[in-house]
Amino acid sequence: MSAHKIIIAIDGYSSCGKSTLAKQCAKRLGYTYVDSGAMYRAITLYFIRHTIDISNHDHILDALASIHLSFVVNESSGISEIHLNDENVEHLIREMLVADKVSEVAAIREVRSFAVAQQKKMGRKKAIVMDGRDIGTVVFPEAELKIFMTADADIRVMRRFEELYLTNPHISIDEVRHNLELRDHIDANREESPLRQADDAIVLDNSSLTREEQLEIVLEWIKDRATDRVAAN
Ligand code: DC
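Take 1228 as the starting number for the sequence shown in our numbering and just add one per residue.
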């Protein structure tokens, strides 16, 4: 038996732990990890900074033409970080200012085509783990492994709260809950590529799983798909 390189698509609601799982898998397999949400967040940051009128098609296209996104590996963590026109914005894009606007920006057709075209290119050589909302349905419908993650809503709120509290001690649980509910609603109900489970995706509910347990489960799924079995005659 030998292993071949595959594409792993991880989709799901906000704060289900998609990026944690994606990073774990990428590290274990030596694959590239791509945080597709970071691309929508970086575009949103650019739109905020340049006060782009999102009701104006031409303004959106002009703005997108001025945006260059790249992922650069941080030497100390080994994790790739997003750069917007050569500026490292990995931390800035996690702030509430961006979180409050990103679902609106990610719902724009032109923005999605711009991001999806780049995401598809990144998957050409396989050996990639990408997380987002439409990875298994739109970006890589051919992915060998599609995971649809869910977790109990209260658990998701607390996970996000604990993450944001580190950099913003003034944040409240209610504020985090409101933002998550609103984003989930917009992401699942938009016209363009709404969040939905691909028909061939496997559901992973990690409400009561540790990080180690979820990784073990997923590594088994990967083994099933990435192993070439020579048919016995
Ligand atoms: O995964 P995240 O929370 O960083 O994503 C930020 C926003 O971007 C989220 O509200 C939905 C949107 N998004 C999307 O529409 N499609 C993706 N593939 C990834 C994220």
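Quick reminder that beta carbons are idealized off the backbone N, C-alpha and C, glycines included.
Whole angstroms are fine: how far does the CA of residue j sit from the CA of residue i?
i, j, result
"K1353", "A1453", "11 Å"
"V1403", "D1455", "44 Å"
"G1257", "I1444", "18 Å"
"P1396", "E1390", "10 Å"
"I1287", "A1253", "33 Å"
"R1321", "Y1392", "12 Å"
"P1421", "E1439", "30 Å"
"S1293", "L1319", "19 Å"
"A1459", "M1323", "With a pLDDT of 47 at A1459, under the threshold of 50, the modelled position of this residue cannot be trusted; read the value that follows with caution. One C-alpha to the other measures close to 56 Å."
"I1400", "N1406", "10 Å"
"H1231", "I1309", "28 Å"
"I1398", "F1388", "8 Å"
In chain order, what residues of the same chain lie with their CB nearer than 7 Å to the CB of residue i, ignoring the 5 residues before and after it?
i, result
"Q1441", "L1248, L1431, N1433"
"R1423", "T1364"
"A1415", "P1421, L1422"
Going by DSSP, what residues sit across from residue i in a beta bridge?
i, result
"T1437", "Answer by DSSP bridge pairing: none, since T1437 is not bridged."
"D1238", "G1359, F1375"
"T1259", "I1355"
"A1230", "T1454"
What residues in its chain sit with their C-beta under 8 Å from that of residue i, if we drop five residues either side in the sequence?
i, result
"V1366", "A1236, S1263, V1343, Q1346, K1347, G1350, M1357, G1359"
"I1306", "K1250, Y1260, V1300"
"R1410", "S1241, A1326, V1329, S1330"
"P1368", "A1425"
"E1371", "I1233, I1234, I1235, R1452, A1453"
"L1461", "It is not possible to answer for residue 1461, since the shown part of the chain is limited to 1228 through 1460."
"I1281", "F1274, I1287, E1331, V1332, I1335"
"L1446", "C1252, R1255"
Note down, in chain order, each residue of its chain lying with its Cβ closer than 6 Å to the Cβ of residue i, except the 5 sequence neighbours on either side.
i, result
"D1379", "S1434"
"H1295", "N1312"
"R1417", "A1334"
"M1376", "G1239, C1243, K1245, L1431"
Would you say residue i reaches chain B, if we count a Cβ-Cβ gap shorter than 8 Å as a contact?
i, result
"V1343", "You won't find chain B in this structure, because it holds only one protein chain."
Task: Minimum length 3: unbroken beta strand (DSSP E) runs contained in the region 1271–1334 - done: 1296–1300, 1307–1311
- [ ] Counting only runs of 3+ residues fully inside the region 1334–1383, write out the beta strand (DSSP E) ranges in chain order.
- [x] 1355–1359, 1372–1377
TODO: Let me know the alpha helix (DSSP H) ranges lying completely inside the region 1390–1454, each 4 residues or longer, listed in chain order.
DONE: 1400–1416, 1438–1453
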